[in-house]
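Just below is one structure, and these are the notes that go with it.
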Amino acid sequence: MEAKRSFLLIMAVAAMVVSVGGQGSGTKPLVKVLKGGLKVCDKGWECKGWSKYCCNQTISDFFQTYQFENLFAKRNTPVAHAVGFWDYRSFITAAAVYQPHGFGTAGGKTTQMKEVAAFLGHVGSKTTCGYGVATGGPLAWGLCYKKEMSPSKSYCDDDYKYTFPCTPGVEYFGRGALPIYWNYNYGEAGEALKVDLLNHPEYIEQNATLAFQAAIWRWMTPVKKQQPSAHDVFVGTWKPTKNDTLAKRIPGFGATMNVLYGDSVCGQGDVDSMNNIVSHYQYYLDLMGVGREEAGPHEVLTCAEQEAFNPSSSSSSSSSSSS
Numbered sequence: 001m002e003a004k005r006s007f008l009l010i011m012a013v014a015a016m017v018v019s020v021g022g023q024g025s026g027t028k029p030l031v032k033v034l035k036g037g038l039k040v041c042d043k044g045w046e047c048k049g050w051s052k053y054c055c056n057q058t059i060s061d062f063f064q065t066y067q068f069e070n071l072f073a074k075r076n077t078p079v080a081h082a083v084g085f086w087d088y089r090s091f092i093t094a095a096a097v098y099q100p101h102g103f104g105t106a107g108g109k110t111t112q113m114k115e116v117a118a119f120l121g122h123v124g125s126k127t128t129c130g131y132g133v134a135t136g137g138p139l140a141w142g143l144c145y146k147k148e149m150s151p152s153k154s155y156c157d158d159d160y161k162y163t164f165p166c167t168p169g170v171e172y173f174g175r176g177a178l179p180i181y182w183n184y185n186y187g188e189a190g191e192a193l194k195v196d197l198l199n200h201p202e203y204i205e206q207n208a209t210l211a212f213q214a215a216i217w218r219w220m221t222p223v224k225k226q227q228p229s230a231h232d233v234f235v236g237t238w239k240p241t242k243n244d245t246l247a248k249r250i251p252g253f254g255a256t257m258n259v260l261y262g263d264s265v266c267g268q269g270d271v272d273s274m275n276n277i278v279s280h281y282q283y284y285l286d287l288m289g290v291g292r293e294e295a296g297p298h299e300v301l302t303c304a305e306q307e308a309f310n311p312s313s314s315s316s317s318s319s320s321s322s323s
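At position 165 of the sequence shown (counting the first as 1) the number is 165 in the UniProt record's numbering, and the numbers step up by one without a gap.
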């Protein structure tokens with residue numbers, strides 16, 4: 001029942017999205033000034049609810065259908081594995097839930113565009129089927145997959161049998177825009193999104209809006225309490241502690257990889273798994289007209305020297321896998 005309700009809500013927002021046709025919302029915000037002078041706004045379907053972030057441009061104001069098509073140019077070619085699944089409308093519908101919380105709406109226009117490029121850079125690198133001599137280049141093949149094609153295991157961890165027990169016959173292999181692996185990650189995401197993903201992980205590969213929504217939820221949500229989210233470390237709301245500084249963790253794109261993947265990607269020097277994610281981000285910055293020079297210096301852009309927020313020896317709670 002909960003899952004049904006969530007899908008109905010998603011579809012209701014989707015119906016409103018179609019009317020803008022991806023050419024910018026153009027909605028004049030409702031404005032309210034709170035005690036103390038804080039201005040909050042409500043911009044309708046795409047940034048609903050009184051939020052300071054809704055006073056800024058929304059994502060569809062600066063990121064439109066043709067740009068999405070440019071970024072993911074090869075996703076619907078016959079050899080791709082998710083033809084017809086991913087589209088702009090699904091992304092914007094999912095983003096609408098999180099824009100009042102600052103996703104793509106925090107900071108000025110450049111920061112907003114950079115965050116969308118950063119998030120999609122992760123998505124592109126995790127769903128690509130591009131390779132060195134692929135037509136259009138290896139970076140043009142993001143959103144080629146919607147699920148792991150040849151799972152090596154069912155990804156059921158019995159350590160979580162009291163909190164997120166595995167459903168008999170169900171497999172928790174990678175699915176989605178930032179692929180979710182393991183029963184506990186499906187369980188946690190399902191609780192947050194109010195969809196029964198623990199019993200029905202296949203919902204992620206059946207509904208592109210839900211797949212994007214789960215990915216944006218992961219981007220906006222700390223993996224552990226008292227830690228920053230990928231959004232926090234990217235837009236600069238996170239202030240490093242002395243321990244963070246000693247561990248060479250600083251705000252920027254590099255730290256988003258640290259939050260999401262830990263030492264499977266970070267702290268190993270300039271390894272291919274890290275460089276591939278960075279390359280997607282830079283490529284998308286160029287295509288969006290921001291320019292890769294805005295990505296910052298090497299230590300901000302990468303996590304080559306960063307110690308993991310959650311070392312794998314003591315934790316493996318990242319929602320994604322680098323495999």
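Heads up, the beta-carbon is just placed ideally off N, CA and C, and yes, glycines get one too.
- Between the C-alpha atoms of V170 and N199, what's the straight-line distance to the nearest angstrom? Roughly 7 Å separates the two Cα atoms.
- For I180, which beta-bridge partners are listed by DSSP? Partner(s): R175.
- Item | Nearest to R75 (by Cα), restricted to the options G137, T93 and K109 | Out of G137, T93 and K109, G137 has the C-alpha closest to the C-alpha of R75.
- Task: With distances taken Cα to Cα, identify the nearest neighbour of T128 among K114, L178, I92 and A96.
- Result: Here the closest residue by C-alpha is L178.
- Can you tell me the Cα-Cα spacing of D244 and L301, whole angstroms? If I take the Cα positions, the gap works out to 16 Å.
- Item | 6 Å CB neighbourhood of Y155 in its chain, flanking five on each side removed | Same-chain partners within the cutoff: Y172, F173, Y181 and W182.
- Message: So for D42, helix, strand or coil by DSSP?
- Response: It is a strand residue.
- Task: In the DSSP assignment, find the unbroken alpha helix (DSSP H) run with V235 in it and report its ends.
- Result: Unbroken alpha helix (DSSP H) run through V235: A230 to V235.
- Query: Hey, out of Y281, T135 and A117, whose CA is closest to F63's CA?
  - Reply: Closest option to F63, Cα to Cα, is A117.
- Message: I'd like the list of long-range same chain contacts for R292, defined as Cβ closer than 7 Å, with 5 residues on each side in sequence excluded.
- Response: Hits under 7 Å: Q282, L285 and D286.
- Message: Tell me which residues share the same chain as S312 and place their Cβ nearer than 7 Å to its Cβ, disregarding the 5 neighbours each side in the sequence.
- Response: G262, D263 and S264.
- Proximal residues to V290 (C-beta, below 8 Å), its chain only, five neighbours per side dropped: Cβ-Cβ distances below 8 Å link V290 to T110, M113, K114 and A117 in the same chain, with the five nearest sequence neighbours on each side left out; the list follows chain order.
- Message: I need the straight-line Cα distance from C47 to P29, nearest angstrom please.
- Response: Each residue's Cα considered, the two are about 9 Å apart.
- DSSP beta-bridge partners for K147? K147 is bridged to R175.
- With burial defined as no fewer than 16 other Cβ atoms inside 10 Å of the residue's Cβ, what is the status of L210: buried or exposed? With 16 or more Cβ atoms within 10 Å of its Cβ, L210 is classed as buried.
- Task: Go through its chain and collect everything with a Cβ distance to E294's Cβ below 8 Å, but skip five positions before and after it.
- Result: Excluding sequence positions up to five before and after E294, its CB lies within less than 8 Å of the CB of T110, K114 and L285, all in the same chain and listed in chain order.
- Message: Give the list of continuous beta strand (DSSP E) stretches no shorter than 3 residues that lie fully inside the region 23-105.
- Response: Taking only runs of at least 3 residues, the beta strand (DSSP E) segments lying wholly in the region 23-105 are 30-33 and 39-42.
- Message: Quick check on DSSP: helix, strand or coil for M288?
- Response: Of the three classes helix, strand and coil, the one that applies to M288 here is coil, per DSSP.
- In three-state DSSP terms, what is D244? The answer is helix: DSSP assigns D244 an H, G or I state.
- What's the call for D87, buried or exposed, on a 16-neighbour Cβ count within 10 Å? Its Cβ being crowded by 16 or more others within 10 Å, D87 is buried.
- Buried or exposed by the 16-neighbour rule on C-beta atoms within 10 Å, applied to G130: Answer is buried; the Cβ neighbour count reaches 16.
- Message: Judging by CA-CA distance, which residue of R249, D232, F253 and M288 is the nearest neighbour of A106?
- Response: Selection R249, D232, F253 and M288 evaluated against A106 yields D232 as nearest (Cα-Cα).
- Message: Less than 9 Å between the beta carbons of A230 and L260, yes or no?
- Response: In this structure, the beta-carbon distance from A230 to L260 falls below 9 Å.
- Message: By the three-class DSSP mapping on this structure, what secondary structure does I204 have?
- Response: Helix at I204.
- Message: Just to confirm my understanding: we take F164, look at its own chain, exclude 5 residues before and 5 after, and list those with CB closer than 8 Å. What are they?
- Response: Excluding residues up to 5 positions away in sequence, N183, Y184, Y186, G187, E188 and L198 lie with their Cβ nearer than 8 Å to the Cβ of F164 in the same chain.
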